[in-house]
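Peer 1: Sequence lines, in order, name chains A and B. FYI, in numbering that gives the first Met the number 0 the residues of the first sequence are 0 to 197. FYI, in numbering that gives the first Met the number 0 the residues of the second sequence are 0 to 197. Backbone N, C-alpha and C define an ideal beta-carbon position, used for all residues, glycine too.
Protein chains: 2
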Amino acid sequence: MYPESIKKLIESLKFFPGIGEKSAERMAFAYLEFDKEQVEYLIDSMQETRAKIHPCPNCLSLTDQDVCDICSSPARDHNVLCVVEDPKIVFLFEKLGTYKGMYHVIKGLISPLEDINPEDIGLEKLLDRIKKEKFTEIILAFKPSVEGEITALYIKQILDGLDVEVSRLASGVPMGADMEYIDSLTLERALEDRKKIS
Amino acid sequence: MYPESIKKLIESLKFFPGIGEKSAERMAFAYLEFDKEQVEYLIDSMQETRAKIHPCPNCLSLTDQDVCDICSSPARDHNVLCVVEDPKIVFLFEKLGTYKGMYHVIKGLISPLEDINPEDIGLEKLLDRIKKEKFTEIILAFKPSVEGEITALYIKQILDGLDVEVSRLASGVPMGADMEYIDSLTLERALEDRKKIS
Numbered sequence: 000m001y002p003e004s005i006k007k008l009i010e011s012l013k014f015f016p017g018i019g020e021k022s023a024e025r026m027a028f029a030y031l032e033f034d035k036e037q038v039e040y041l042i043d044s045m046q047e048t049r050a051k052i053h054p055c056p057n058c059l060s061l062t063d064q065d066v067c068d069i070c071s072s073p074a075r076d077h078n079v080l081c082v083v084e085d086p087k088i089v090f091l092f093e094k095l096g097t098y099k100g101m102y103h104v105i106k107g108l109i110s111p112l113e114d115i116n117p118e119d120i121g122l123e124k125l126l127d128r129i130k131k132e133k134f135t136e137i138i139l140a141f142k143p144s145v146e147g148e149i150t151a152l153y154i155k156q157i158l159d160g161l162d163v164e165v166s167r168l169a170s171g172v173p174m175g176a177d178m179e180y181i182d183s184l185t186l187e188r189a190l191e192d193r194k195k196i197s
Numbered sequence: 000m001y002p003e004s005i006k007k008l009i010e011s012l013k014f015f016p017g018i019g020e021k022s023a024e025r026m027a028f029a030y031l032e033f034d035k036e037q038v039e040y041l042i043d044s045m046q047e048t049r050a051k052i053h054p055c056p057n058c059l060s061l062t063d064q065d066v067c068d069i070c071s072s073p074a075r076d077h078n079v080l081c082v083v084e085d086p087k088i089v090f091l092f093e094k095l096g097t098y099k100g101m102y103h104v105i106k107g108l109i110s111p112l113e114d115i116n117p118e119d120i121g122l123e124k125l126l127d128r129i130k131k132e133k134f135t136e137i138i139l140a141f142k143p144s145v146e147g148e149i150t151a152l153y154i155k156q157i158l159d160g161l162d163v164e165v166s167r168l169a170s171g172v173p174m175g176a177d178m179e180y181i182d183s184l185t186l187e188r189a190l191e192d193r194k195k196i197s
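1) Along chain B, in chain order, which residues have C-beta atoms closer than 9 Å to that of residue 30 (chain A)?
2) Would you say residue 101 (chain B) faces chain A, with C-beta separation under 8 Å as the test?
3) Which residues bound the beta strand (DSSP E) around residue 166 (chain B)?
4) Is it buried or exposed, residue 62 (chain B), if we count other Cβ atoms within 10 angstroms and call 16 or more buried?
5) Tell me whether residue 1 (chain A) sits in a helix, a strand or coil according to DSSP, three-state version.
6) Within the continuous beta strand (DSSP E) that includes residue 101 (chain A), where are the two ends?
7) Return the first residue and the last residue of the beta strand (DSSP E) that residue 139 (chain B) is part of.
8) How long is the line joining the alpha carbons of residue 104 (chain A) and residue 54 (chain B), rounded to whole angstroms?
9) Suppose contacts are defined by Cβ-Cβ distances below 8 Å. Is residue 109 (chain A) in contact with residue 149 (chain A) by that definition?
10) Does residue 87 (chain B) have its Cβ less than 8 Å from a Cβ in chain A?
11) Alpha carbon to alpha carbon, how far is residue 0 (chain B) from residue 125 (chain B)? Give it in angstroms, no decimals.
12) With distances taken from CA atoms, which of B:181, B:197, B:140 and B:49 is nearest residue 79 (chain B)?
13) Candidates B:2, B:16, B:189 and B:50: which alpha carbon is nearest residue 31 (chain B)'s?
14) Ordered along the chain, which non-local residues of its own chain (more than five positions away) have a Cβ less than 6 Å from that of residue 9 (chain A)?
15) Three-state secondary structure (DSSP) at residue 88 (chain B)?
16) Which residues share a DSSP beta bridge with residue 115 (chain B)?
17) If residue 4 (chain B) sits next to residue 52 (chain A), beta carbons under 8 Å apart, how far is it from one beta carbon to the other, in whole angstroms?
18) I want to know whether the region 111-124 of chain A touches the region 143-158 of chain A - three or more CB-CB distances under 8 Å.
19) Give a yes or no on whether 8 Å exceeds the smallest Cβ distance from residue 40 (chain A) to chain B.
20) Spatial neighbours of residue 146 (chain B) within its chain, please: CB distance less than 7 Å, with the 5 preceding and 5 following residues excluded, ordered by chain position.
21) Beta carbon of residue 100 (chain A), beta carbon of residue 81 (chain A): below 8 Å?
22) What does residue 52 (chain B) reach in chain A if we use C-beta pairs closer than 7 Å?
23) Residues of chain B with CB closer than 9 Å to the CB of residue 26 (chain A), please, in chain order.
24) Nearest by alpha-carbon distance to residue 14 (chain B): which of A:21, A:29 and A:13 is it?
25) For the putative contact between residue 163 (chain A) and residue 136 (chain A), defined by C-beta atoms under 8 Å, what is the C-beta separation to the nearest angstrom?
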C-alpha cells in the first residue's frame, strides 16, 4: 500500500524502543516534510555518532576522544569511583553536576535467571582498575533490584581485603512521591534504612 | 556533557513530532546499540524516501512512480473522487481496502483565522481535474471542524452547475465509543444526522 521506501522507513523507525506502527507512520510522514537542512543534520549526526562514538578504554563510558573527558580531567576526584551498569547512567549523573569522581561501566548485572554470570559483565577489568588506581571509595550505583543486589554483593566480596570503602546508593521513597502509591518493597527498604534526624 | 555527535543526534531526533528531550535521549542510546544492518537499513530508507517520494502529478498523493499506482490502475473506479486534506489520509483509506475510487489531495483546509484562502490550497487544480475527468461523485473527506466545513461548502459552491454529486463523510458517534465521553458537538451532529432503521 505504501510506496516501498516509505514502507522501509516505517519498518526501520520501529527499531527504536517504544515506537510502534502508528508512531512510526507519524514520524515517517513528518520526516517527509522536514526541510533539507533538517534531513542533512539528522543523517549526518546518525553517521557521525556511529563513526566517532566508542567506549573509553579506561572506564568504558561513551566518548568521541581517545580517553574520555572524565578519565583525563585533572579537576575530577580520582579517589572515588562510581560503578554503573550502563553507559547512559554516566550522563544521568553528569547532568546532576554534583558528583566529581570517576566512573566505571560494567556490562549489565549478574542475573542467575538469565544465565548472566560475573565473567560476562566485565568485573575482572573493574577489579584490575580498582587495584591499579587505588580508589578510596567505590560507589555501586545499580538499579534497586534482585540483580542489582546480587551484583553489589559479589563486587563487595571480590574487593574484600582491599583497603577501600564500598557504598551503594540510598534506596527509599523518591522525592515528591505520593505515599499511597509507593510499593511495599520500597516502603520496607525506606523504613529499614531510616535516618536519624540530628 | 554528551559527546558532540550524541548531542547533535539528540537535537535532530527532536525534529520528530512528539519526541521530547527524554525520548530523544532514549532513542539516541538505543540507536548506538543497533547492529550494523539496522543502521544501514535506517539511513538507506531515509535517503531513499527523500530521493524517490514525490507528489503524483495527477492527484498529489505521495508516490515513487511517475504517476501513482491508484491513478494508473484500470481496476479502480475512475468515476468517484475522494478529496482529502493531506497525503497521509490517502493511506488511511487504502488501509481499509473498501474504497475503490480515486483520490485528490488538496494542501490543507481554508482557514480565515490563519489567513489560508481558497487559492492557497490548490482548489483550481482540483476543479480543472473534476471538469476534465468527469467524475459522477465527489466525496469530501475533511476532518470535522470549522475549517473542514468551510472548505467543503466552498468546493460545493465552485462545483455548482457541474453534473456531479457531492457528499461528505458521515459524522457522529465513533464505533465502540463510550456515550458519556462523547463531546456535545459530536452528539448534536449524530442526532441531527440520525438514520432511519429500515
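Peer 2: On the basis of the supplied data:
1) Residue numbering aside, residue 30 (chain A) sits at position 31 when the first sequence is read from its first letter. The contacting residues are 14, 15, 45, 48 and 49.
2) Position 102 of the second sequence, counting from 1, holds the residue named residue 101 (chain B). So no, residue 101 (chain B) is outside the interface.
3) In the second sequence, the residue the question calls residue 166 (chain B) occupies position 167. First-last of the beta strand (DSSP E) with residue 166 (chain B): 164-167.
4) Numbered from 1 along the second sequence, position 63 holds the residue referred to as residue 62 (chain B). That one is buried.
5) Taking the first residue of the first sequence as 1, we reach residue 1 (chain A) at position 2. DSSP places residue 1 (chain A) in coil when its eight states are reduced to three.
6) The sequence position of residue 101 (chain A) within the first sequence is 102, counting from 1. Here the beta strand (DSSP E) through residue 101 (chain A) covers 101-104.
7) For the purposes of this step, residue 139 (chain B) is taken as the residue at position 140 of the second sequence. 136-139 is the extent of the beta strand (DSSP E) around residue 139 (chain B).
8) In the first sequence, counting from the first residue as 1, residue 104 (chain A) sits at position 105. In the second sequence, counting from the first residue as 1, residue 54 (chain B) sits at position 55. The straight-line gap from Cα to Cα measures roughly 49 Å.
9) The residue given as residue 109 (chain A) occupies position 110 in the first sequence. The residue given as residue 149 (chain A) occupies position 150 in the first sequence. Going by C-beta atoms, residue 109 (chain A) is nearer than 8 Å to residue 149 (chain A).
10) Position 88 of the second sequence holds residue 87 (chain B). Closer than 8 Å: yes.
11) Indexing the second sequence from 1 puts residue 125 (chain B) at position 126. Indexing the second sequence from 1 puts residue 0 (chain B) at position 1. Taking the straight line from one Cα to the other gives about 53 Å.
12) In the second sequence, residue 79 (chain B) corresponds to position 80, counting from 1. Checked all of B:181, B:197, B:140 and B:49; the closest Cα to residue 79 (chain B) is B:140.
13) Position 32 of the second sequence, counting from 1, holds the residue named residue 31 (chain B). It is B:2.
14) Translated into positions along the first sequence, residue 9 (chain A) becomes position 10. Excluding residues within five positions, the ones whose Cβ falls inside 6 Å are 23, 24 and 27.
15) Mapped onto the second sequence, residue 88 (chain B) falls at position 89. Note: residue 88 (chain B) maps to helix in three-state DSSP.
16) By one-based count along the second sequence, residue 115 (chain B) stands at place 116. BP columns for residue 115 (chain B) point to B:110.
17) Residue numbering aside, residue 4 (chain B) sits at position 5 when the second sequence is read from its first letter. Residue numbering aside, residue 52 (chain A) sits at position 53 when the first sequence is read from its first letter. About 6 Å; that satisfies the 8 Å criterion.
18) yes
19) Reading the first sequence from its first residue, position 41 is the one you call residue 40 (chain A). Closer than 8 Å: yes.
20) Within the second sequence, residue 146 (chain B) is the residue found at index 147, counting from 1. 108, 109 and 110, listed in sequence order.
21) Here the question's residue 100 (chain A) lines up with position 101 in the first sequence. Here the question's residue 81 (chain A) lines up with position 82 in the first sequence. In contact: residue 100 (chain A) and residue 81 (chain A) (Cβ atoms closer than 8 Å).
22) Here residue 52 (chain B) refers to the residue found at position 53 when the second sequence is read from its first residue. Chain A residues near residue 52 (chain B): 2, 4, 5 and 31.
23) Position 27 of the first sequence, counted from the start, is the residue given in the question as residue 26 (chain A). Simply 15, 16, 17 and 18.
24) Numbered from its first residue, the second sequence carries residue 14 (chain B) at position 15. Comparing Cα positions, the closest option is A:29.
25) On the first sequence, position 164 is the one that residue 163 (chain A) refers to. On the first sequence, position 137 is the one that residue 136 (chain A) refers to. About 7 Å separates the two Cβ atoms, so the contact holds.
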